[in-house]
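Asks: In the numbering used here, the protein residues as written are -19 to 1223.
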């Protein structure tokens, strides 16, 4: 709906003679401006430029094609006005060879035209991604074999520390990660040298002077100020209450202590380190007995939070001096030197292998291009080469689209061919740094930000910027909401740009009124939150419910719940629910009028579709909503693809049972399950292929069928010797009729399209340097494990009337009338910051220090600094991703999310109300772990949010409102119960009745005869044997041995279970005793025993397990850290920590006689064997003494310890028996540790 050009747009179109940065906000019409600038340049009457004298760089091939198409359409319109214009006709001819291209295509042209300057085969080609990966693995294997043969001690030293416990894969991954990372640098080897130089320290070295220290000190200042603000707020409470004098005095002391920390943070690292040495918070003082203690809990919580955040800051960073850090760097320097040499050697071998095959990869393209365009002068400085100068002369102007996504290599390439150093700057850059969301591809938004800060808005400047902030896409309601959120959240600290009035989105789109009066749904932004916390049901009631039959009540997880919520809102918008006032009306520019909403007007945006899209598809389809999701996964799991891949596998090697059975059972061979069983009986011990050959030797029908298949298989194997893989696949699909067969199945068109994709992949493979069926199978296996799944073949057209589900990244550049932003309650993924080695473009290496001799490892301060920087950059990127998502909406934006405890979240978000500034404090925003946290923080200061806080009886007073805010929010709270589908008792009875009637119709109404009675009354003579399980767990064994004597021992082995959908991460706060026990056992298994001396160390380890997503939040809360601390403080715990060897959670399987378990078991024989399976919690060695320990989380009264010992006696006996058999020695001591009473009991 772009109307006449605005003044800023016209400036962007006409401004010349400078490097021009156009900051074009979302929906500002940047592509239209770029095209118009090109058109006016090439049609200028006084100084026209030919289209092929402009270099137009886009981010993707699709964008380049669209740009060429748009320019062509614009030229055609001009030709209609001036059909005799020679200039326009010439531009139309030149358009086909114009340089409208991606940076990779430009580099390809440069390299192809100048390959004589490189040691490169002129017939080189670009390697397929998987082919490149296979070559890398070959190079890596060759390098490591070489190092092993050389017995390189530096390499062995490195391997001991970073190779992993089992093999050298971790070190290999480290080498590959560094190699991949440095490819985004213009000069990779130079980056390695500079990064290594950071660790080469000596003499009087001050850590404060390093970039690492600056990162940490900046963060420390923010955290200290945040803690100080909390203490000041607590101090205000004492001023409003009588009898709080002792608290006030204590808080004054606290504040003075923190002010000293703040002063030290402005001086140096060592000053702050010393100040932390004196930091101590005394025990909390209480008010006088007669004082009103209403506000005391708030005061206490504020002081505790301030104390905790300062203690965490000190423990994480300021527990070592500059001298200590210098020692770490000196210890790591030789290790990193070896690692850098390893990376350089890998680069050399990998380059040689690519050269042998005459291939290059995309990284090579950029670096080869740079090497061609830049050369060194006498002083070793970079200067443009003759090739760069010739290209510079060719292009009058360089135009770069999506400049915020450029990287350092691309910046170097385009800078050297520009005329900037000739005092004739000619680069036009357009983009929006608020939409820079590709840092994971090494994009550098800092390049845009640097120019944005430096360039002037003054006319005539050689470095100029123009801002386009009028949005021609969205309604005012959407833009006001976006501005309201980001004016509070996005800052230079988090988001990397200050979102102020200059950055606001201004309404430019004109939406006329709907004169029909049918538009019943308004355009305000909707926020729907599902509170997953069941407050209305007591814990006792929930425990009782767990023991009742609930097969007719669904148990939904968060993703299912949210999918149903969105489905209901879609149906509401479509006018298909009872409470809907009618279909939502959208403006259709093609009709120039309003129309009823269609499914294709709706998109559901998710941060990631993996694990979400499949659930959304299932739930929405169940609700009758047509939906499509390009998940990018599932291709190799499709049955038709698996069958063809299995066929290829047995053609390559028929001695593979699973692929062979897969093909035999498929329509290709047509064997039944009974026939496969008969084939296996021919040879129970050998391969299935051997059994098939023996079957074929027989003269019955099955033998003939097997023989026919083997004959066909031999023909196919012969053809595979000379036929290219793609031709072989096409031949097999047609010769077997399988391609036609799948076409006749449900979704046949999709299935055939998937087989075509497999054929095309084989065709691409044949163009690589690898040949043969065996290599193709490996190629596909690597593709599955490395590059990820390819997703189903695309069958969706632009006009198909379906709701689309896509990731936010894929939606960039697109727009939709109605946008659902889902999954806002999902935590950000920051797991990459926990790797042993972290890499950063400016900060270099951050690595753990590992000492295998002392058996310790810890994160060094440089690594912690890089971790903090990466975290900030990742959160900044997440904020920009949220901005991209919210700005995709044209007419209506609906945000949804789930929260495990809404009341707790509201109390946490209420911290926003303490800020008197429009911009929320950075320390508050940086703590956000989800989009919902950020949105909630901002909305706490909106009057429409009061309805939500009121529903929890929370009163936070009158929130500070944001000046000039006109945003409108419709906020809704839901419970999970709102989306359950339950069956009433009447429905269940009706189903039973219908089933019985159907059964009666099938068997007729005749009375059963004597023969039927005889058959029905017959009993199997070996009934008891059928009830003996082949395997028992120790837990089941314990339950059986504690049953009453008159109960049959096998009675509870076989139950009828009502299966539900998997629900691995339950959001219900109530856990069963078994679940609590599992949580405790898991934590006990993974604790670092060297870090269990204090309660804080144990809590920190539990939090780390949660942050790294090894355990859920529910498990983390269920584990009692104090109980664990008491365990390790007990005599048995201290013995464990001092033990020579410790083994935890050791699984075992041993054979036992059924009569061993039940000596009086009637109808059993000694030869009736059973496998006992279990896991030993812990055993340890003290010299030659073997000690067994089993810990229990059951509730125990000190008066019934004997009962507990009796209950677990059989279980411990089998643990002892397993250790006797495995270790060939007796157990010296046995203990049960009872967490409930913090006591170890010796058996």
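All C-beta atoms, glycine included, are put in the ideal place defined by N, C-alpha and C.
#1: Please identify the residue among 118, 677, 654, 358 whose C-alpha is closest to the C-alpha of residue 328.
#2: Contact check, residue 874 vs residue 800 under 8 Å by CB: the rounded distance?
#3: Count the C-beta pairs between the stretch 303 to 322 and the stretch 236 to 244 that are closer than 8 Å, then say yes if the count reaches three, no if not.
#4: Could you tell me the boundaries of the alpha helix (DSSP H) in which residue 489 lies?
#5: Which whole-angstrom value describes the C-beta separation of residue 7 and residue 453, a residue pair presumed to lie in contact below a C-beta threshold of 8 Å?
#6: Kindly give me the distance between the Cβ atoms of residue 1156 and residue 1132, rounded to whole angstroms, as I take these residues to be in contact under 8 Å.
#7: Please classify residue 1164: does DSSP put it in a helix, a strand, or coil?
#8: Secondary structure at residue 337, three-state DSSP: helix, strand or coil?
#9: Taking 8 Å as the threshold, find out whether the stretch 718 to 725 comes into contact with the stretch 674 to 688 through three or more Cβ pairs.
#10: How is residue -10 classed by DSSP in three states: helix, strand or coil?
#11: What is the rounded straight-line gap between the Cα of residue 1221 and the Cα of residue 1067?
#12: Determine the burial state of residue 609: buried for a count of at least 16 other Cβ atoms within 10 Å of its Cβ, exposed for fewer.
#13: Closest by CA to residue 622, which one among 1052, 607, 603, 644?
#14: Decide yes or no for the touch test of the stretch 1112 to 1128 against the stretch 839 to 857: beta carbon pairs closer than 8 Å, at least 3 of them.
#15: If contacts are defined as beta-carbon pairs under 8 Å, then residue 557 and residue 787 qualify, I think. What distance do you get, rounded to the angstrom?
#16: Could you pull the start and end residues of the alpha helix (DSSP H) that residue 841 belongs to?
#17: For residue 660, tell me which candidate among 646, 648, 640, 647 has the shortest Cα-Cα distance.
#18: Put residue 1013 into one of helix, strand or coil per three-state DSSP.
#19: Kindly indicate which three-state DSSP category residue 1199 falls into: helix, strand or coil?
#20: Based on the DSSP secondary-structure assignment, which residues constitute the bridge partners of residue 627?
#21: Which whole runs of the alpha helix (DSSP H) in the stretch 521 to 603 are 4 residues long or more, in chain order?
#22: Is it right to say residue 724 is buried, meaning 16 or more other beta carbons lie within 10 angstroms of its own, or is it exposed?
#23: Candidates 314, 585, 1108: which alpha carbon is nearest residue 861's?
#24: Could you check whether residue 435 and residue 444 sit closer than 7 Å to each other, using their CB atoms as the reference points?
#25: With DSSP run on the structure shown, which of helix, strand or coil describes residue 150?
#26: Going along the chain, which residues of its own chain have a beta-carbon closer than 8 Å to the beta-carbon of residue 949, five neighbours each way excluded?
#27: Along the chain, where does the beta strand (DSSP E) that runs through residue 1211 open and close?
#28: Is it a yes or a no for the stretch -8 to 8 touching the stretch 396 to 408, going by three-plus beta-carbon pairs under 8 Å?
#29: With respect to the alpha helix (DSSP H) encompassing residue 406, which residues constitute its N-terminal and C-terminal limits?
#30: With a threshold of 8 Å on Cβ separation, who are the neighbours of residue 894 within its own chain once the five nearest residues in sequence on each side are excluded?
#31: In angstroms, rounded to a whole number, what distance separates the CA positions of residue 253 and residue 46?
#32: With DSSP as the reference, label residue 349 as helix, strand or coil.
#33: Do you know how far the Cα of residue 456 is from the Cα of residue 448?
#34: Alpha carbons only, please: which of 351, 286, 55, 75 is nearest the one belonging to residue 31?
#35: Relative to the C-alpha of residue 1056, which residue among 1171, 1087, 956 is closest?
#36: So for residue 622, helix, strand or coil by DSSP?
Replies: The answer reads as follows:
#1: Taking the chain shown and counting its residues from 1, one reaches residue 328 at position 348. Residue 328 has its Cα closest to that of 118, out of 118, 677, 654, 358.
#2: Position 894 of the chain shown holds residue 874. Position 820 of the chain shown holds residue 800. That pair is a contact at about 5 Å.
#3: no
#4: Taking the first residue of the chain shown as 1, we reach residue 489 at position 509. From DSSP, residue 489 is part of no alpha helix (DSSP H); its letter is neither H nor E.
#5: By 1-based counting over the chain shown, the position of residue 7 is 27. By 1-based counting over the chain shown, the position of residue 453 is 473. That belief holds up - the Cβ atoms of residue 7 and residue 453 are roughly 3 Å apart, short of 8 Å.
#6: Sequence index remark: in the chain shown, residue 1156 carries index 1176 (1-based). Sequence index remark: in the chain shown, residue 1132 carries index 1152 (1-based). The Cβ separation is near 16 Å, so there is no contact.
#7: Numbered from its first residue, the chain shown carries residue 1164 at position 1184. Of the three classes helix, strand and coil, the one that applies to residue 1164 here is coil, per DSSP.
#8: The residue labelled residue 337 in the question sits at position 357 within the chain shown. Coil, per DSSP.
#9: no
#10: Residue -10 sits at position 10 when you count from the first residue of the chain shown. Helix.
#11: Counted from its first residue, the chain shown places residue 1221 at position 1241. Counted from its first residue, the chain shown places residue 1067 at position 1087. About 23 Å.
#12: Residue numbering aside, residue 609 sits at position 629 when the chain shown is read from its first letter. Classification for residue 609: buried.
#13: Counting from 1 along the chain shown, the entry for residue 622 is found at position 642. The residue with the shortest Cα to Cα distance from residue 622 is 644.
#14: no
#15: In the chain shown, counting from the first residue as 1, residue 557 sits at position 577. In the chain shown, counting from the first residue as 1, residue 787 sits at position 807. Contact flag wrong, Cβ pair sits at about 28 Å.
#16: The residue you call residue 841 lines up with position 861 of the chain shown. Run containing residue 841: 841 to 866, per the alpha helix (DSSP H) assignment.
#17: Sequence index remark: in the chain shown, residue 660 carries index 680 (1-based). Nearest C-alpha to residue 660: 640.
#18: Here residue 1013 refers to the residue found at position 1033 when the chain shown is read from its first residue. Note: residue 1013 maps to strand in three-state DSSP.
#19: Looking up residue 1199 in the chain shown gives position 1219. Helix, per DSSP.
#20: For the purposes of this step, residue 627 is taken as the residue at position 647 of the chain shown. Residue 627 is not bridged to any residue.
#21: 538 to 553, 593 to 602
#22: In the chain shown, the residue the question calls residue 724 occupies position 744. Classification for residue 724: exposed.
#23: Walking along the chain shown from the start, residue 861 turns up at place 881. Cα-wise, what sits closest to residue 861 is 585.
#24: Position 464 of the chain shown, counted from the first residue, corresponds to residue 444. Position 455 of the chain shown, counted from the first residue, corresponds to residue 435. The answer is yes: Cβ separation under 7 Å.
#25: Reading the chain shown from its first residue, position 170 is the one you call residue 150. Note: residue 150 maps to helix in three-state DSSP.
#26: For this step, residue 949 is matched to residue 969 along the chain shown. Counting only Cβ-Cβ distances below 8 Å, and skipping sequence neighbours, we find 461, 504, 505, 506, 507, 919, 922, 924, 925.
#27: Taking the chain shown and counting its residues from 1, the one referred to as residue 1211 is at position 1231. That run of the beta strand (DSSP E) goes 1209 to 1214.
#28: yes
#29: Taking the first residue of the chain shown as 1, we reach residue 406 at position 426. Neither: residue 406 is in no alpha helix (DSSP H) and is coded neither H nor E.
#30: Position 914 of the chain shown, counting from 1, holds the residue named residue 894. Excluding positions up to five away in sequence, the list reads 209, 213.
#31: Translated into positions along the chain shown, residue 253 becomes position 273. Translated into positions along the chain shown, residue 46 becomes position 66. Straight-line Cα distance between these residues: approximately 57 Å.
#32: Here residue 349 refers to the residue found at position 369 when the chain shown is read from its first residue. Helix, per DSSP.
#33: Here residue 448 is taken as the residue at index 468 of the chain shown, counted from 1. Here residue 456 is taken as the residue at index 476 of the chain shown, counted from 1. The alpha-carbon atoms of residue 448 and residue 456 are separated by roughly 17 Å.
#34: To locate residue 31, count along the chain shown from 1; it is residue 51. Nearest C-alpha to residue 31: 75.
#35: Sequence index remark: in the chain shown, residue 1056 carries index 1076 (1-based). Looking at the Cα atoms, 1171 is the closest of the given residues.
#36: Looking up residue 622 in the chain shown gives position 642. In this structure, residue 622 counts as helix in the three-state DSSP scheme.
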